[in-house]
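In the working numbering, the protein residues as written are 1 to 499.
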Amino acid sequence: MNSNDPTSSLAARILSAAANQLYIDGEWVASSSGEQLESINPATGETIAHVANGNAADVDRAVAAARRALHGPWRDTTPYERQAIILKLADLVDQHFDALCLLDSMDMGAPLSRLRANSRKRALGRLRFYAGMATAIHGNTIGNSAPGKVFTYTMREPIGVVAGIIPWNAPMTSAIWKIGPVLATGCTMVLKPAEQASLSCLMLAELMAQAGVPPGVVNVVTGVGEITGAALAGHPDVNKVAFTGSHAVGQSIVRASAGNLKRVSLELGGKSPDIVFADADLDKAVPGAAMGVFGNTGQVCCAGTRLFVERKIYDEFVQRVAQFGQQLRVGNGQDPDVEIGPLVSKDQLERVLDYIDIGRREGARTISGGERMTEGNLANGYFVRPTVFGDIEDGMRIATEEIFGPVVCAIPFDTIDEVEQRANATAFGLGSGVWTRDINKAQRLSRSLHAGSVWVNCYNLMDPAVPFGGYGLSGYGREGGVEHLDEYLQTKAVWINAT
Ligand code: ADP
């Protein structure tokens with residue numbers, strides 16, 4: 001990092017000081033655990049920083065700060081004041097954008113080029129969207145049948161102290177998806193980054209301080225899920241958990257929330273179907289379907305991992321997807337030419353390689369990939385070749401469980417009735433794709449697919465104004481769009497007898 005550049009010098013400071021950096025009540029403090037966690041660059045296996053291993057006492061401190069801030073002057077800020085703070089934060093994120101992307105790339109492996117391209121809209125654009133939304137929160141005036149002149153209206157109030165628990169696959173973006181609605185609605189928050197990739201969240205804390213977010217409004221506590229995450233999910237003074245992560249942890253959060261009946265929103269995993277009909281524009285469908293699963297090394301909750309292909313084009317299409325995958329430049333994400341980075345960690349590498357083994361043992365045919373990459377300077381990183389499996393039975397584990405790696409199951413089908421039924425034969429329901437030139441097929445499947453998003457002739461497009469979330473085991477609640485703010489608000493009905 002160039003130390004003459006003030007934006008990267010901030011990132012350099014985060015890298016060197018992270019071990020003593022919990023951000024609580026507007027101050028950088030050490031964890032009372034005295035313990036640290038290693039941040040490892042998954043492209044090289046090298047330790048790039050240490051972060052504080054927060055514990056339950058740190059969580060208590062942070063929740064208390066968030067509670068005080070909720071009842072302090074923050075409560076009386078106007079929507080315009082909150083909007084101005086969010087816009088200032090967005091300007092600072094813009095100014096430090098490259099350094100934030102670099103921290104994420106070093107911390108979790110994604111290619112810098114991809115982060116720069118995607119996060120501008122998904123993170124920065126979204127922050128500005130929430131700035132606008134801060135002034136658009138309103139209740140209703142409602143007629144009633146009470147005798148006399150009784151006037152009734154609703155007010156939208158912040159839900160309170162939020163625990164934002166986020167994963168490692170898009171750290172800056174996931175953090176902003178929680179920070180934005182908290183600031184727009186007047187809530188307060190304790191943000192817990194994933195232990196694998198906490199650095200950009202710490203830098204965002206510094207930028208929030210510079211933007212004038214008052215002390216205690218957003219606190220950042222790093223640490224492991226079973227300790228800091230669980231302490232937040234069960235905390236009696238937290239009003240809502242906004243969680244993004246695996247469905248198993250999502251279920252444990254719901255159980256932990258029962259004590260004080262916290263509001264919970266869950267953006268969980270999936271096993272999304274991507275359906276290609278023979279009449280599709282295959283020159284678009286090949287890269288679309290391939291990047292729908294290989295993008296971010298498959299570490300995307302809505303990755304199109306069940307690729308249903310109409311039988312008459314199956315062989316040709318699957319070969320083309322396999323070739324596309326083999327031509328992707330895999331390597332260290334900090335290299336500007338790299339398109340696919342490593343998996344986030346050694347654990348994730350082992351998990352993906354295990355699934356590849358399971359697939360082979362279940363009888364799936366490896367069409368391409370299916371192995372770790374160790375050539376040259378990939379030797380110490382956690383790289384897996386983009387993998388295409390054929391000869392899939394619907395019940396196989398690789399066709400039903402979330403792998404979270406660059407592995408796609410290619411499945412032939414004959415009729416729309418058949419594919420509709422097989423695509424929906426999953427407990428998940430996050431993303432889904434349909435590639436066809438036939439508007440009737442597109443419309444029929446848009447209605448019948450059991451998923452929170454249906455992409456027709458595209459995949460994994462996102463926009464701040466468009467709600468995103470799951471059906472079934474993929475969770476509940478929506479992020480993005482007007483619906484997102486509803487998750488952070490509660491409704492009060494006011495009755496005024498004017499007689
Ligand atoms: P992934 O499989 O993507 O790592 P996880 O669901 O394990 O997803 O992790 C997502 C986030 O949830 C991380 O911040 C992690 O630390 C946190 N987490 C993990 N276990 C728990 C738990 N028992 N309670 C609360 N948070 C947890």
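Don't be surprised by glycine CBs; every beta carbon is placed ideally from N, CA and C.
If you're wondering where the values come from, they're calculated on a predicted model, not measured in any experiment.
{"query": "Is it buried or exposed for residue 338, if we count other Cβ within 10 angstroms and need 16 for buried?", "result": "buried"}
{"query": "Classify residue 96 as buried or exposed, calling it buried when 16 or more other Cβ atoms lie within 10 Å of its own Cβ.", "result": "buried"}
{"query": "Would you check if there are 3 or more beta carbon pairs closer than 8 Å linking the stretch 205-215 to the stretch 143-161?", "result": "no"}
{"query": "Which residue's Cα is closest to the Cα of residue 220: 369, 52, 457?", "result": "52"}
{"query": "Residues bridged to residue 194 by DSSP?", "result": "197"}
{"query": "I'd like to confirm something about residue 295: is its beta-carbon nearer than 7 Å to some heavy atom of ligand 1, or not?", "result": "no"}
{"query": "Is it true that the stretch 422-436 meets the stretch 326-334, where meeting means three or more beta-carbon pairs spaced less than 8 Å apart?", "result": "no"}
{"query": "Whole angstroms is fine: what's the gap from residue 62's alpha carbon to residue 201's?", "result": "15 Å"}
{"query": "Determine the extent of the beta strand (DSSP E) in which residue 409 is found, giving its start and end residues.", "result": "407-413"}
{"query": "Along the chain, where does the beta strand (DSSP E) containing residue 390 start, and where does it finish?", "result": "387-390"}
{"query": "Out of 59, 109, 128, 118, state which residue places its alpha-carbon closest to the alpha-carbon of residue 90.", "result": "128"}
{"query": "Cβ-heavy atom distance between residue 194 and ligand 1 below 7 Å?", "result": "yes"}
{"query": "Any heavy atom of ligand 1 inside 7 Å of the beta-carbon of residue 233?", "result": "yes"}
{"query": "Can you round the beta-carbon distance between residue 58 and residue 199 to whole angstroms, since I take them to be within the 8 Å contact cut?", "result": "The Cβ separation is near 18 Å, so there is no contact."}
{"query": "Starting from residue 96, trace the alpha helix (DSSP H) in both directions and tell me its first and last residue.", "result": "Note, residue 96: premise wrong, no alpha helix (DSSP H); not H, not E."}
{"query": "For residue 3, which residues of its own chain have a beta-carbon under 7 Å away from its beta-carbon, when the five flanking residues on both sides are left out?", "result": "Only weak support is given to the placement of residue 3: the predicted model assigns it a pLDDT of 44, under 50, and the value that follows is read from those uncertain coordinates. For residue 3, where only same-chain residues beyond five positions count, the Cβ hits under 7 Å are 9, 12."}
{"query": "In terms of residues, what are the limits of the beta strand (DSSP E) holding residue 250?", "result": "Careful: residue 250 lies outside any beta strand (DSSP E), inside the alpha helix (DSSP H) at 247-256."}
{"query": "Rounded to whole angstroms, what is the Cα-Cα separation between residue 482 and residue 117?", "result": "24 Å"}
{"query": "Just checking my contact of residue 290 with residue 325 at CB under 8 Å: how many whole Å lie between their CB atoms?", "result": "6 Å"}
{"query": "Would you list the one or two residues that DSSP bridges to residue 39?", "result": "49"}
{"query": "Check for me: the beta strand (DSSP E) holding residue 491 runs from which residue to which?", "result": "489-497"}
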